[in-house]
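Remarks on the structure that follows.
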Amino acid sequence: MSKRTGANATSPIVAKAVDLVKTYGDTDSQVTALNHVSVDFRRGELTAIMGPSGSGKSTLMHCMAGLDVPSSGQVFVEDLEVSSMNQKQLTQLRRKEIGFIFQSFNLVPTLTAEENILLPLQIAHRPVDREWFRKVVGVVGLENRLDHRPSQLSGGQQQRVACARALMERPSVIFADEPTGNLDSRSSREVLEFLRTSVRDYGQSIVMVTHDPRAASFADRVLVLADGSITQDMDHPTYDDILAVFAEHDDPDNGPVSVESADAKEA
Amino acid sequence: MFRIGLRDTKAHFRRFIMSIIAIALGVAFVVGSFCFREMLNDQVAQMMGSNSDADVYVRGATEEKQEPGGSVTSYNSTYTEISTSIIPDIENVDGVTSADATMQLGNAVLLDHNGDALTTVGAPTLVIGVDQDDPWRSAHFVSGEYPQTDDEIALLEDTADKAGLKTGDTAKLIVDGEAREMTVSGVFTSPSTQLGAILILARPSFVQHVLQEEGEDTSSIQFIGVYGSKTTPLDEEAQQQLADRINKALPKSADAHAVTGDSVRDDATKSIQDQLGFIQPLILIFAAIALFVGAFIIANTFTMIVRESMRGYALLRSVGASPAQVFASVLIQAVILGIVGSGIGVLLGWGLLEAIAKGMSSGGMPLSGSPAPSATDVIIGVIVGVVVTIIGATLPAKTAATAPPIQAMNETVNPEKPVKARGWIGIVMVALGAAFWVLCYLGAAKRVDWQWLKDLGSGWTLGLGAAFVVIGAIVCAPAFVAPAAKVLGWIPSKMFPVTGKLATRNIGRAKRRTANTAAALFIGVAIVSCLGVVASSMKTSVNNLVDNNVNADYVAMSASMTQPISTKAVDAIEDTKGVGASSAVYMLPTVKATNAEKDVMTAAIKTDLLTELAPVGQQDGDAAKAIDDGEAAVGRTIADDEHWKVGDVIDLESENTSVDEEATKQASEAYQKQAEAQAKTLQQEAQQLAASGDVSGAQSKAKEAENVVKQAQNVDPKQFVKMKTETKTEQVRIGAIIDDSLYADSIFISVPTAEKITSKDMMMVTQMYVQAEPGANVEQLGKDLKKTVKPFYTVSVLTRDEFKSSMSSMINSMLAIIYALLALSIVIAIFGIVNTLALNVSERTKEIGLLRAIGTSNGQVRGMLAIEAVILSVFGTIVGIVVGVAAGVVIRAAYESQGMTTLTIPWDQLVLFLIVAILVGLVASISPARRALKQPVLDAVASE
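Chain order of the listed sequences is A and B. Numbering of the first sequence is given in the numbering used here, commencing with residue 747 and proceeding in unit increments. Numbering of the second sequence is given in the numbering used here, commencing with residue 91 and proceeding in unit increments.
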């Protein structure tokens, strides 16, 4: 289903990090968020990045998406080196290769659901594929809500609009930052189902950061970070597999979920 | 809390810069307006002190009823005139050094060393009758001395410098249309600058003589000035004592009363100051705009700061700070801000005034009044600044203080309160204002004839209408922001589909804020559009009048405002070769229509004017024939006002003062007789002495007698001139009523008719129209006419185009000042827009970050904000233009009868305003956009 043609389209790797290092602060009080991380993200997969607070999972995603600049190492999306791009190239990258889904939905309040979904295409001056639009809207189940403003939609609906927006431009990869973090369990399930559907049926590549093992269990592959390094790389793990991994590292009574919510800011 | 407030101020200082500038500008205007008034007051007081410097003034004892609408010159003419014959009585009073009735000529023209007339910017040229015996105490001679003969004058140093004349030079003085050669006897200074006035001292006898020739009654006068000392002014007590002594000596029949010089000066000073008072409110309007925007910018700034510091306030609250303490910590910042801003503002206002004073001095109007602000000005300025700041900061401070800690943790923008109610209230006010304007229009166009409307006057309906419309527009503006944004956003939405749409929708998000920001621009633009319409209507009306109604090839006008064209010049022009039809317009200032309700001007003309030079279009009856027949032709406006129709009779009355030949002769003869008698007595005494053998005594007596005879022979006959006042009346039938606006507001009669009631000396020619003889060369005539008027110096001959442009240039220079003020209000409006955008950007940090995350380029973000700013400024400008033009249209209609016959809307100017508005928006969006782009995308979108 990928629209892309040429050599890149056939490459099994959609994005990769090579020896990525990210440190904060000056030399006296240096904090290492990413410690020589190298990882490939495969095309057509839903990859979940997990880890406790401060493990560097959000930093990894921000560097991958060109939102943050690594201290050293390289980031590639579709063989384009993101880590060395200037503002203009980043804008082009965001228009063509990258989609975003945020924890706090981030819809434009003055635009209707439909306008929000079409916004990236319009910004990039790209034609709207109406058939694709109907398909996406159908999958997220927003047919009757297209004229509504974000303030008239529930949280789950807003996030589904955000998902549709990310999918609409059919980017090489969608980065989802805690997409279910602000949702109740039912809405979470709907959104996750949708993400899995878009990967399975339309070949979309998605990288999702989450601290919720249940959300991670929807993924094709789960990476676990701890102290800036990848400690686990699991292929199609079950929910119990994931819980087991965390149980190994931590006291099971004091699970990663509660640790995370205490000071999420540091992520 | 104080320490927190202080520390916050430091932290936010860069944020505050714009607020400080706005407050400083507002305060500068306020302080400047006060200082300006005080500077003028100071100047007036100084001038009074040096120009009316007598210790005691003797004036009429009976107060005259003051005429309504007294002009600038009539400020002290509220007492009956007194006879100059009491001067000797006053001079005999103990302690009086000199007493004299200082007479002035207001219509002289001095030529500079090149022979060109010396002109001023509005200041008068005065020839003052003083000399060694009747001195002017405040005059200090730099060189030379008082004029000794009638052929000498002394000049003010400033005047001498401008004219390039010095003591001993020969100067030409034009008096009564005649150039006279005068020797400069001296150059003097006065303690106060004279605002560029040209001051010339001449002997009193010279001034008196000229006045008499002009038909002025020199035997009675408003004031007689008395000096108690030739060198030092008396203090108030001594003045009072002297006045009391003089009052005792004054005969009852003189109907005169002596008062202290100080009291006269105080009264006159106050009265002039009152007349100058109108300037201050004008400046204060702009101060109000600046302060309004200032308060608004401060409110915006604090809203931003409070929004960004919410977490901190929540923390303070959660560790036990009371709402009042949080409130105080915000308000302290406002107070500091207000003090800093108004401090700068006071200095700025002062500097501005110093610059104005400098500018006026170099423009030929030296000021000695001090532009420094008084302590009261400084206090008022600081209080205004601080109060405005506190008003601006109160609401955000309240938000900071009252938000519950939990809510403060979450970043939420409270939805706006609905603006519908405001919209309706505003619309009602605008409608009310419009109704006043309609009333004004109806009244002016004579569509209705309601007495109460006439009593109210067009000024009130105009003013009330304007007030309601402007305030109403400001009140209802928020309700129109969203629809206006849709309309104005239509073009940008087509040009830039995404950014245009986003910008258009964003405008409607904070309607009040948008409307308030636009209001600053609105007021300024409204004022200027209104004046633009009035000014261009005036210009076109004049041009149309000249083009359609005036056939004259040339118009002769007086170059100085005060000097009429002399009758000799009129005769010379008439005699110039090639002149066909010509007519001077003789204004008759002494003639009154006693059966008219209002003051009506009467003018004498030749019928050439009505038939050839400016032919009458529409009229009842035949104006030319009527005037030839000794009847009057009346303008339509007057005829309507007075309900006159053809066949009615006007009672014309003129009070004429002239030299009483008989009395003069008698006085002269009486003097001669007295002298003869004296000589005879002396001769008899001499004979007696000779008879008694005292030869030397007899010789000296004979010599004395001889002297008396000689003196009597040489005596200046001018000193016996006696004046008389005669009142002549004439009943004139109205033979025609003229519709043309050129003739709308005067009564016209023929010169012979005018001469029945007044003399030619009393007629003032202000303009003269000339047409070339059929077949004559028009261009050659122009050259000849210019040659003809050359010896009269003050008369200029204008072609039709020059005549038109002379009117326009007057209007243009008036507008220049207003445009300067507009430029300032635009600067302030830009601040407002920048600030509002900055607040919008700060509120939308996340949204803008998101837009960028999904591929919005920097250019697109800039474009979006630029479109927002442009919509905002164009919104304000368009409302301003609509209101301003409407006001201009109404004003034009209200003054139609005063010659504003044609309505012209200066479209090019209005389009220019719109273009400027677009530029203003673009410029204003630069800095907020930079700030929006400086924010890293990550910060904007990262959760938490």
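No residue lacks a Cβ here, since even glycine has one placed at the ideal position from N, Cα and C.
| Asked | Found |
| --- | --- |
| Exposure of A:S818, with buried meaning 16 or more beta-carbon neighbours within 10 Å | exposed |
| Which residues DSSP lists as bridging B:H230, in chain order | B:T279 |
| Distance, B:E743 Cα to B:V618 Cα | 44 Å |
| is_contact[B:R512, chain A] using C-beta, thresh 8 Å | no |
| Cross-chain neighbours of A:D814 in chain B, by beta carbon under 7 Å | L1028 |
| Cross-chain neighbours of A:A870 in chain B, by beta carbon under 7 Å | G945 |
| B:R595 at chain A interface by Cβ criterion, 8 Å | yes |
| Residues of the region 577-588 of chain B with Cβ closer than 8 Å to any Cβ of chain A, in chain order | P587, V588 |
| Assigned secondary structure, B:K814 (DSSP; H/G/I helix, E/B strand, else coil) | strand |
| Given A:V953 as reference, the closest of A:D765, A:S804, A:P866 once Cα atoms are compared | A:S804 |
| Cutoff 7 Å; reference B:I395; Cβ partners in own chain excluding five residues on either side | H102, R105 |
| CB-CB length for B:V77 against B:G439, believed under 8 Å | For chain B, the structure presents residues 91 to 1034; residue 77 of chain B sits outside this window and is missing. |
| CA-to-CA distance, B:G516 to A:I739, given in whole angstroms | Residue 739 of chain A lies beyond the residue range present for chain A, which begins at 747 and ends at 1013; the question has no answer from this structure. |
| Three or more C-beta pairs below 8 Å linking the region 636-651 of chain B and the region 887-896 of chain B | yes |
| C-alpha gap between B:G707 and B:D829, whole angstroms | 7 Å |
| Coarse secondary structure for B:G825, derived from DSSP in three states | strand |
| Proximity of B:L324 and B:D145 at Cβ, strictly below 8 Å | yes |
| Buried versus exposed, by CB contacts within 10 Å (16 or more), B:A556 | buried |
| Of the residues B:A716, B:L832, B:T666, B:S758, the one placed nearest B:G725, counting alpha carbons only | B:L832 |
| B:D364 - containing beta strand (DSSP E), residue span | That residue, B:D364, is in no beta strand (DSSP E); its alpha helix (DSSP H) goes 351-366. |
| C-beta contact flag for B:V117 and B:S452 at 8 Å | no |
| Chain-ordered chain B contacts of A:N852 [CB-CB under 7 Å] | K936, L940, V1031 |
| Closer than 8 Å to chain D by CB, A:P866 | Of the protein chains in the structure, A and B, none is chain D. |
| B:T99 to B:D1029 span [Cα, whole Å] | 24 Å |
| Chain-ordered neighbours of B:I1025 on chain A, where CB pairs are closer than 7 Å | For the sequence presented, residue 1025 of chain B should be read as Gln rather than Ile. The contacting residues do not exist; B:Q1025 stays about 12 Å from chain A at best. |
| Cβ neighbour criterion (16 or more within 10 Å) applied to B:N141 | buried |
| Buried versus exposed call for A:N852 [16 or more other C-beta atoms within 10 Å across all chains shown] | buried |
| Nearest-angstrom Cα separation, counted from B:T393 out to B:L115 | 21 Å |
| Within 7 Å of chain A by C-beta, residues of the region 636-666 of chain B in sequence order | none |
| Complete runs of the beta strand (DSSP E) confined to the region 825-874 of chain A [at least 3 residues] | 844-847 |
| Residue-chain proximity (A:E824, chain B), Cβ-Cβ < 8 Å | no |
| Spatial distance of B:G1011 from B:R603 (CA atoms) | 16 Å |
| Stretch-stretch touch, CB-based, cutoff 8 Å, three pairs: the region 733-750 of chain B with the region 811-824 of chain B | yes |
| contact_flag[the region 608-625 of chain B, the region 663-675 of chain B] where n(CB pairs < 8 Å) is 3 or more | no |
| Heavy atom of the ligand GDP within 7 Å of B:A569 beta-carbon | The ligand GDP is not among the ligands present in this structure, which contains no ligands whatsoever. |
| Contacts that B:V948 makes with chain A (C-beta to C-beta distance below 7 Å) | Position check: residue 948 of chain B holds Asn in this sequence, whereas Val was assumed. Residues of chain A passing the Cβ test: Q833. |
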